[in-house]
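Peer 1: Right, I'll just put the structure down here and ask away after.
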Amino acid sequence: MPKKTAGRFPNKTPEDYLLEEGDLVTNPETRTPVVICVDCSFSMRQQRRLDRVLEGLDSFCRDMERDPIARDSAELCIISYGGPMARVERDFATPDRILEQGLPRLTADGATPLADAVKTALENLELRKRRYRDNGITWYRPWLILIGDGDESQSPRELAHAAELLKAESDAKHLNVLCITVGDEQRMKCASLMTLSPDGRIQYLRDMKFQEFFAWLSRSIEKTSQSMSGEEVRYDPTTTWGEVLERKQR
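Here the numbering used here is used: the first residue of the sequence shown is 2, the next is one more, and so on.
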């Protein structure tokens with residue numbers, strides 16, 4: 002079993018590092034890094050939201066494992082944000098490795114450090130890209146997916162800074178950013194996710210359609226993995242699982 006995450010990033014032994022290095026050496030496929038940040042604040046206990054995220058993640062990994070190209074290309078990193086800070090719960094690994102390790106046992110408690118999730122995701126993504134460069138591996142444009150049901154609870158100033166970073170990365174076509182809000186439509190809190198979204202648009206996940214969302218994501222990653230370098234990929238519409246919400250113009 003993987004080591005328990007005590008701080009922001011996992012503690013890795015030399016054996017862990019060598020195992021990862023072996024995977025990078027023996028698998029030269031162009032990678033598609035995917036970072037999924039999952040809200041683990043107290044409100045995610047409602048309607049089994051957190052459980053349903055994990056069920057969807059399990060289906061996503063199994064879909065990726067069945068695809069002969071995506072299973073060697075896609076690499077998933079799972080970050081939780083709840084309580085005092087965000088944490089890397091599973092570092093970048095192929096779907097079969099994630100399933101072998103087992104999905105993290107996430108619990109919902111505490112506040113919503115959304116800006117810290119973005120900071121942690123971008124830092125860990127840069128570390129991964131450095132490993133790719135060191136091993137001569139190319140990569141497709143990474144995905145950063147933020148899933149949550151509440152607003153930033155710690156630092157509006159840090160949230161604004163995180164939004165600037167995501168906008169710059171998205172405008173430079175270095176990152177695909179997807180913000181997804183879940184929960185009760187009548188009491189929806191999504192201002193922070195709208196702030197973080199580079200185009201001011203977020204997806205409202207109607208009726209907790211996590212399975213449908215992750216099925217869409219697996220198809221999207223498969224299309225990315227089969228594309229030519231530099232090619233713009235056309236993804237399926239999101240209407241089967243989401244509704245677009247837009248930031249109001251001032």
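Beta carbons are placed, not taken as given, at the ideal position from N, Cα and C, and that holds for glycine.
(1) Would you be able to state if there are at least three C-beta pairs under 8 Å between the stretch 152-166 and the stretch 47-64?
(2) Using a Cβ-Cβ cutoff of less than 8 Å, which residues in the same chain neighbour Lys215 once the five nearest sequence positions on both sides are dropped?
(3) Taking all protein chains shown into account, decide if Gly243 is buried (16 or more other Cβ within 10 angstroms of its Cβ) or exposed.
(4) Thinking C-beta only, is Ile222 closer than 8 Å to Val35?
(5) Output needed for Glu76: all residues of its chain with C-beta closer than 8 Å, excluding positions within five of it in sequence on either side, in chain order.
(6) DSSP state of Val36, grouped into three classes?
(7) Can you tell me which of the three DSSP states Ile99 falls into?
(8) Which residue wins for smallest C-alpha separation from Leu147, given the options Asp68, Ser198, Glu66, Trp217?
(9) Sort Tyr18, Lys13, Pro11, Glu213 by Cα distance to Asp237 and report the nearest one.
(10) Ordered along the chain, which non-local residues of its own chain (more than five positions away) have a Cβ less than 8 Å from that of Ile80?
(11) When DSSP builds the beta bridges, which residues end up paired with Trp144?
(12) I need the straight-line Cα distance from Lys5 to Asp17, nearest angstrom please.
(13) Write down the C-beta distance between Ala109 and Phe43 rounded to the nearest angstrom, noting that I regard them as a contact closer than 8 Å.
Peer 2: This is what the structure gives:
(1) Fewer than three Cβ pairs drawn from the stretch 47-64 and the stretch 152-166 lie within less than 8 Å of each other, which leaves the two stretches out of contact.
(2) Position check: residue 215 holds Phe in this sequence, whereas Lys was assumed. If we look at Phe215 and ignore the five residues flanking it on each side, its Cβ neighbours are Gly57, Leu58, Ser60, Phe61, Asp64.
(3) Of the residues assessed, Gly243 falls on the buried side of the cut-off, its CB having 16 or more other CB atoms within 10 angstroms.
(4) Yes, the Cβ-Cβ distance between Val35 and Ile222 is below 8 Å.
(5) Leaving aside the five residues that flank Glu76 on each side, the residues in its chain whose CB is nearer than 8 Å to its CB run, in chain order, Arg32, Thr33, Pro34, Val35, Phe93, Ala94, Thr95, Arg129.
(6) Three-state DSSP puts Val36 in a strand.
(7) In the three-state reduction of the DSSP assignment, Ile99 falls in the helix class, which pools H, G and I.
(8) Of Asp68, Ser198, Glu66, Trp217, the residue nearest in Cα terms is Ser198.
(9) Measuring C-alpha to C-alpha distances from Asp237 to each of Tyr18, Lys13, Pro11, Glu213 identifies Glu213 as the nearest.
(10) Correct list, in chain order: Val36, Ile37, Cys38, Val39, Ala87, Arg88, Val89, Glu90, Ala118, Thr121, Ala122, Asn125.
(11) DSSP output for Trp144 lists Val35, Asn177 as bridge partner(s).
(12) Note that Lys5 scores a pLDDT of 43, beneath 50, so its modelled location is shaky; the value from the coordinates is reported in the next line. Each residue's alpha carbon lies about 13 Å from the other.
(13) Between the beta-carbon of Ala109 and that of Phe43 there is about 6 Å, and that keeps the pair under the 8 Å contact cut.
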